[in-house]
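Asks:
Number of protein chains: 4
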Amino acid sequence: MKTIPTEQQILAWFQSLSNWGRWGADDERGTLNLITPAKRLQAASLVREGLVISCGRTIGYEPTVDNVVPARHFMLSSGEGEPAVSVGRTGAADAFLLQPHGVSMTHLDAPSHSHVRSDPSQPWTLYNGKSARAITTAQGATVGSIELAGGGIVSRGVLLDVPRVRGVPWLEGSDPIFPEDLEAAEAAEGVRVEAGDMLFARTGFPRRRAERGPRPPSEGIPALQAACLPWLRERDVAVIGADTGNDVMPAQYPSIGLPVHGVGMGAIGLWILDNPDYEELAETCARLNRWEFQVVIAPLKLSNATSSPVNPLAML
Amino acid sequence: MKTIPTEQQILAWFQSLSNWGRWGADDERGTLNLITPAKRLQAASLVREGLVISCGRTIGYEPTVDNVVPARHFMLSSGEGEPAVSVGRTGAADAFLLQPHGVSMTHLDAPSHSHVRSDPSQPWTLYNGKSARAITTAQGATVGSIELAGGGIVSRGVLLDVPRVRGVPWLEGSDPIFPEDLEAAEAAEGVRVEAGDMLFARTGFPRRRAERGPRPPSEGIPALQAACLPWLRERDVAVIGADTGNDVMPAQYPSIGLPVHGVGMGAIGLWILDNPDYEELAETCARLNRWEFQVVIAPLKLSNATSSPVNPLAML
Amino acid sequence: MKTIPTEQQILAWFQSLSNWGRWGADDERGTLNLITPAKRLQAASLVREGLVISCGRTIGYEPTVDNVVPARHFMLSSGEGEPAVSVGRTGAADAFLLQPHGVSMTHLDAPSHSHVRSDPSQPWTLYNGKSARAITTAQGATVGSIELAGGGIVSRGVLLDVPRVRGVPWLEGSDPIFPEDLEAAEAAEGVRVEAGDMLFARTGFPRRRAERGPRPPSEGIPALQAACLPWLRERDVAVIGADTGNDVMPAQYPSIGLPVHGVGMGAIGLWILDNPDYEELAETCARLNRWEFQVVIAPLKLSNATSSPVNPLAML
Amino acid sequence: MKTIPTEQQILAWFQSLSNWGRWGADDERGTLNLITPAKRLQAASLVREGLVISCGRTIGYEPTVDNVVPARHFMLSSGEGEPAVSVGRTGAADAFLLQPHGVSMTHLDAPSHSHVRSDPSQPWTLYNGKSARAITTAQGATVGSIELAGGGIVSRGVLLDVPRVRGVPWLEGSDPIFPEDLEAAEAAEGVRVEAGDMLFARTGFPRRRAERGPRPPSEGIPALQAACLPWLRERDVAVIGADTGNDVMPAQYPSIGLPVHGVGMGAIGLWILDNPDYEELAETCARLNRWEFQVVIAPLKLSNATSSPVNPLAML
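Protein chains in written order, with our numbering: chain H, 1 to 316; chain E, 1001 to 1316; chain L, 2001 to 2316; chain W, 3001 to 3316.
1) Name the two residues that bound the continuous beta strand (DSSP E) containing R202(H).
2) Report yes or no: is there a C-beta of chain E within less than 7 Å of the C-beta of F2074(L)?
3) Which residues, taken in chain order from the stretch 81-100 of chain H, show a beta carbon closer than 9 Å to some beta carbon of chain W?
4) Determine the direct distance from the alpha carbon of A3226(W) to that of Q3015(W), and round the result to whole angstroms.
5) Is the Cβ of T137(H) closer than 7 Å to any Cβ of chain W?
6) Please work out which residues of its chain come closer than 7 Å, Cβ to Cβ, to T3094(W), disregarding the five sequence neighbours upstream and downstream, and give them in chain order.
7) Determine the DSSP secondary structure at D236(H), reduced to helix, strand or coil.
8) Considering only residues of the same chain and omitting the five flanking positions on each side of A149(H), which have a CB-CB separation below 6 Å?
9) Count Cβ pairs between the stretch 1051-1064 of chain E and the stretch 1169-1188 of chain E that sit closer than 8 Å; are there 3 or more?
10) Should the stretch 1251-1268 of chain E be regarded as contacting the stretch 1002-1013 of chain E, the criterion being three or more beta carbon pairs within less than 8 Å?
11) Thinking C-beta only, is M249(H) closer than 7 Å to P216(H)?
12) In the DSSP assignment, what are the bridge partners of I153(H)?
13) Quick test of the definition: if touching needs 3 or more C-beta pairs under 8 Å, does the stretch 1160-1171 of chain E touch the stretch 1196-1205 of chain E?
14) Establish whether the CB of A1298(E) and some CB of chain H are separated by less than 7 Å.
15) I'd like to know whether the C-beta of V2065(L) is nearer than 7 Å to at least one C-beta of chain H.
16) A2095(L) lies in the beta strand (DSSP E); which residues open and close that run?
17) Applying a beta-carbon distance threshold of less than 9 Å, which residues of chain E neighbour E49(H)?
18) Quick one: is A195(H) near chain A, going by C-beta distance under 7 Å?
19) Is there a Cβ of chain H sitting closer than 7 Å to that of V2068(L), yes or no?
20) Anything in chain W within Cβ reach of S1077(E), meaning under 9 Å, just list it in chain order.
21) Cβ of G334(H) within 7 Å of Cβ of K1301(E)?
22) Starting from I1010(E), follow the alpha helix (DSSP H) in both directions and report where the run begins and ends.
23) Against chain L, does G3157(W) count as a neighbour if the rule is that its beta carbon must be under 7 Å from one of theirs?
24) Would you tell me roughly how many angstroms separate the C-alpha atoms of G1102(E) and L1270(E), rounded to the nearest one?
25) What residue range is occupied by the uninterrupted alpha helix (DSSP H) comprising S1045(E)?
26) Got a sec, what are the start and stop residues for the beta strand (DSSP E) D2243(L) sits in?
27) Should L1273(E) and G1245(E) be called a contact, given that it needs their Cβ atoms to be closer than 7 Å?
28) Considering only their Cβ atoms, is the gap separating G2140(L) from A3132(W) smaller than 7 Å?
29) Under 7 Å, do W2013(L) and L2229(L) count as touching if we go by C-beta distance?
30) Along the stretch 148-173 of chain H, what residues have a CB closer than 7 Å to any CB found in chain E?
31) Check P309(H) in the structure and name its three-state DSSP category.
32) Specify, as a first and last residue, the run of the alpha helix (DSSP H) that L316(H) falls within.
33) Which term fits P1037(E), buried or exposed, when burial requires 16 or more other beta carbons within 10 angstroms of its beta carbon?
34) Is T64(H) helix, strand or coil by DSSP?
35) Per the contact definition of three or more C-beta pairs closer than 8 Å, is the stretch 2107-2118 of chain L in contact with the stretch 3085-3094 of chain W?
36) What does DSSP give as the partner residue(s) for H1073(E) in the beta ladder?
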């Protein structure tokens, strides 16, 4: 029943699932175009309890087996020194070195993060045909920067809790989510993902980490099977966010790279939220028996950037 | 009419305006306690057009006269190289060095950012008496970290457009906002700041920069006069954000440091949003003739940190 | 025969081995004062083959079990992009994040790196009584900066090859070097360490790493037993450099910190070279049967710094 | 008399001055091959006073008009906090962000720093034909890394003090040094630059900065006129170091980039020392009336790097 697509099928999807040109020849915003004022009004109407729940992970600074290049934190002043004033106010300040695409930081990918082609004689491009060569070492992402989402992303969010439907606490490493899983969760939750929604697909892997400890990525990370791509395109999802890196690890299609990031970002123009944490949200949804909510993602307005760290918030 | 407080008055406010103990002896969240579920429901109800407007500044990487220590951007991979695959997906990634308390990055201050005392024989403390010595070089902010707001801040926002009331495009350098300005704006806009609100106090200085170019901070930055502090306490504002550094520059009370950051954060437990940009929001509010909206601030969950860069979003 | 000193003996050495005041009340350069022009002439006279050998380790950027916080390398431009000119010259550039006191970077410690006291009622001080509180988060090392050696260190170097004398390829983890080992090496090599010399004490641990791979520091690192301290003081060594971190790991005296760094730097004013690599040098010395040479250490002139990465060179 | 070469002449030098193949088809070390053991013995013999003089600039962390992207310094621990031990030893540590090719840091360029071609139909290459595309964002300089000089550079140095011969304290901005200046200095000093030497060409610009203060690079920086290139090749200089960026600023040949860095590094395989400071050295040479000495340059063994900060030392 659950069909695993071949590499050739995935390569064909670069054309068949494409949104290139759908919002104009110059469009860079892709599926963000699906989020209308009406959608935002619908999202706001889902705030009924006055709750707000973070879906961002804590950013620490110590290396772990699942994050060997963590963020770095530097204090520029502290509370240990002698202030310049004897009374009143003094203070402390800090600086951060952040690498958002790291394996454990919650971040939003910018279009410039994924470069695709299905024909080796063609140049590498971003969504809608922008040249990948415009992402340079010297200038950064001169096209497809995270600034495209700098105005903020606000829409209806839907949590599809796959392990809950399967009756397990979490998906184990490399266990993929298929479209059938998404539809089973829709049925169980009485909800349907619609155009412009943010789809939060839970694997529960952050809970596994909390209970069992970190482990090397080489031991497997669950996420979306490539077979979900036609489904995401058909439903016109605006933002996809499985609570891992969205592509199953180890890479299932090493000779063509990561298919969800490839077909998703490059062909569909889909925005991808990597490494969120839905544990508190899932508990709240289960308690309220309601799986839809207002979501706000506020990327930093980083110039020429392929990513931003984010702290996605769900309001319900 | 507009009374400039003396240093002694400001020092006395550390006691008379204090919220220490108001939410328990161990409280670290201060005025965030004022944001109730009911407040968040009110905020959501203000979304009537389905609009979302960013109040964050763009983060660039070039030094300017008003920001000599800008963020740094490093590309870890780009679109210029030879990918490991011949078709499918490859990509680019980056890293950032961010110093949020810099003079031009939109950021939220954590309680650990301000250390206060009014008696030179006493130790320096944060809000509610936490020891400032717990903010160390080696460990960072072991108390008062930005993680206290990691769950997200969602409330009603009110824009008080001071230059609009005064009939000027922006306030010039060192021109302070007094409580009388705030009340004049309330009257002109037909709105009233209430408990748990986020107060967005517009100076228009970002517009000045856009039209006239950057200039050294030593030439003056408008913000809130310390006289606003009793007003902010009386109204029980949860988050204050003038669209500069909130304290007038050059420092008006150099021998006691920055009074809004001092009395505000240290005594009142007030949360401060520094360096937002309200230009697009102000135009929209004027067009809709509506000055209240839902606001979402989503600080990164940075461990032991005195700050986070943020991109505050207003929905209306 | 090999006597392990007690904590109390080591604490007593802070006075009995002290060089405080020896070169004046304001001196900050400690044992560098022992390197005279005559000493430098002697060093130059040891260049007889015209050879130069590096004693620095390679600086990589990947985390390893023995270096979880490696240096970071960022390309600012590369050879992959499109140059601004069509012929002539273009280029590439980079940036580095370096943490010299890390467990594997060859570096020279500045006096500001070690803060000592033997009486808990006294303040912490550097060598010659400078206050440790002058090393601040905000300003760095306002005393005892690596700039004190910015003029360069050039002297006679002596390699004492301890594993060679013991007939082993390297010392295993936590195996300490005693004064008896140093004297046995002197005897075997026909050389004597004299005032103003740089003493290169070989454990061979870098060879172990090359042959057996990295392992966690918790499994042990060989270095100098504290018993060497009176010997180093008596011989008036100017720079000590065992080819690890100079203090045995795990710490042998955890309640008083690292004794070689403590008594050595704090009382004697000794300069410490951490993490050099003597493998090529040791082979050359054995081949030439000559264990003395000219050494040049050229610390970067980093302002207010507790350290500099270095690449020590031996000429013979 | 002093002839300014045309762009076409400079482009022709890429062939006529080339050392490609001279030390083998695979050679990457270029003019470092000219430094023989005999040369190093000669260098050591020049140490007659036992003096050592640094030719490195101090590295500060504050932006200036001539260095808008300075190094950054972060304290990881300081002397302000509470140590883990009550007596014995504790300490402070730091980290540095360094961008060696910046306008004022003394650094050695690696071959990977300069990419050249004189025919627009040919690929960009380093010295000896290595592909410039091997310097990638993701991996850094996989050829031509500074590690090529990681073994240390030790040779005879010669200071040619051009402003002394001209009777001025320093050369003003954009004032170029011609071969005639070098030969006039040789004559005045009674010295001759020979194969394998390091040529220290003084403009005195650091003295100008010390006396007159920093100024924007756009106002001009003196250095070597391209006309010196045949002379450098004829004399077989191993390392050239004018006390600025070696190429006159503003760029004299903007359509072909920097000629000294281009023809010098790319064709001749010459090693370039940028931004040294010869003020103390020049005074000492004048006092001793001796303009030759031993020089040691000890680049950090930075993997895959286009540069290293250095502190060159002259011994005499």
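Glycine residues also receive a C-beta, built at the ideal position from the N, C-alpha and C atoms.
Replies: In terms of the structure at hand:
1) As a first step, residue 202(H) is located in the first sequence; it is residue number 202 there, counting from the start. Where R202(H) is concerned, the enclosing beta strand (DSSP E) stretches over 198-202.
2) Taking the first residue of the third sequence as 1, we reach residue 2074(L) at position 74. It does; some Cβ of chain E falls within 7 Å.
3) G81, E82, A95, L97
4) Counting from one through the fourth sequence, the residue named residue 3015(W) turns up at place 15. Counting from one through the fourth sequence, the residue named residue 3226(W) turns up at place 226. The alpha-carbon atoms of Q3015(W) and A3226(W) are separated by roughly 15 Å.
5) Taking the first sequence and counting its residues from 1, the one referred to as residue 137(H) is at position 137. Output row for T137(H): interface = yes.
6) As a working mapping, residue 3094(W) is identified with position 94 in the fourth sequence. Reading off the sequence shown, one finds Asp at residue 3094(W), where the question assumed Thr. So the list reads H3073, F3074, M3075, L3076, once near-sequence residues are dropped.
7) Stepping through the first sequence from its first residue, residue 236(H) is reached at position 236. Of the three classes helix, strand and coil, the one that applies to D236(H) here is coil, per DSSP.
8) Working through the first sequence from its first residue, we reach residue 149(H) at position 149. Cβ within range, chain order: P299.
9) no
10) yes
11) Along the first sequence, one-based indexing puts residue 216(H) at 216. Along the first sequence, one-based indexing puts residue 249(H) at 249. It is not a contact, given that the beta carbons lie outside the stated cut-off.
12) For the purposes of this step, residue 153(H) is taken as residue 153 along the first sequence, with counting starting at 1. Answer by DSSP bridge pairing, in chain order: I297(H).
13) Result yes; three or more Cβ-Cβ pairs closer than 8 Å.
14) For the purposes of this step, residue 1298(E) is taken as residue 298 along the second sequence, with counting starting at 1. Yes, A1298(E) counts as interfacial toward chain H.
15) As a working note, residue 2065(L) is residue 65 in the third sequence. Not closer than 7 Å to any Cβ of chain H, the Cβ of V2065(L) fails to qualify, so no.
16) Here residue 2095(L) is taken as the residue at index 95 of the third sequence, counted from 1. 2093-2098 is the extent of the beta strand (DSSP E) around A2095(L).
17) Counting from 1 along the first sequence, the entry for residue 49(H) is found at position 49. The answer, in chain order, is P1037, R1040, L1041.
18) You won't find chain A in this structure, because its protein chains are H, E, L and W.
19) Sequence index remark: in the third sequence, residue 2068(L) carries index 68 (1-based). Taking Cβ atoms only, chain H reaches closer than 7 Å to V2068(L), which makes this a yes.
20) As a working mapping, residue 1077(E) is identified with position 77 in the second sequence. Going along chain W in sequence order, the residues near S1077(E) (Cβ under 9 Å) are T3136, T3137, A3138.
21) Absent from the model: residue 334(H). The displayed extent of chain H is 1 to 316, so no value can be given.
22) Counting from 1 along the second sequence, the entry for residue 1010(E) is found at position 10. For I1010(E), the enclosing alpha helix (DSSP H) stretches over residues 1007-1016.
23) What you label residue 3157(W) is simply residue 157 of the fourth sequence in a count that begins at 1. False, the Cβ-Cβ gap to chain L never drops below 7 Å.
24) Your numbering for residue 1102(E) matches position 102 in the second sequence. Your numbering for residue 1270(E) matches position 270 in the second sequence. Looking at the two C-alpha atoms, the distance is approximately 20 Å.
25) Position 45 of the second sequence holds residue 1045(E). Unbroken alpha helix (DSSP H) run through S1045(E): 1037-1045.
26) By 1-based counting over the third sequence, the position of residue 2243(L) is 243. First-last for D2243(L): undefined, no H or E at that position.
27) Reading the second sequence from its first residue, position 273 is the one you call residue 1273(E). Reading the second sequence from its first residue, position 245 is the one you call residue 1245(E). Against a cut-off of 7 Å, the Cβ pair of G1245(E) and L1273(E) comes out as no contact.
28) Within the fourth sequence, numbered from 1, the residue matching residue 3132(W) stands at position 132. Within the third sequence, numbered from 1, the residue matching residue 2140(L) stands at position 140. No; because the gap between Cβ atoms is not below 7 Å, this pair is not in contact.
29) The count along the third sequence starts at 1 and reaches residue 2013(L) at position 13. The count along the third sequence starts at 1 and reaches residue 2229(L) at position 229. Yes, the Cβ-Cβ distance between W2013(L) and L2229(L) is below 7 Å.
30) Correct list: G150, G151, G152, V154.
31) As a first step, residue 309(H) must be located in the first sequence, where it is residue number 309. Three-state result, P309(H): strand.
32) In the first sequence, the residue the question calls residue 316(H) occupies position 316. Where L316(H) is concerned, there is no enclosing alpha helix (DSSP H), given that its DSSP letter is neither H nor E.
33) Here residue 1037(E) refers to the residue found at position 37 when the second sequence is read from its first residue. When all chains shown are included, P1037(E) counts as exposed.
34) Numbered from 1 along the first sequence, position 64 holds the residue referred to as residue 64(H). The answer is strand: DSSP assigns T64(H) an E or B state.
35) yes
36) Residue mapping note: residue 1073(E) aligns to position 73 of the second sequence, counting from 1. According to DSSP, H1073(E) bridges with F1096(E).
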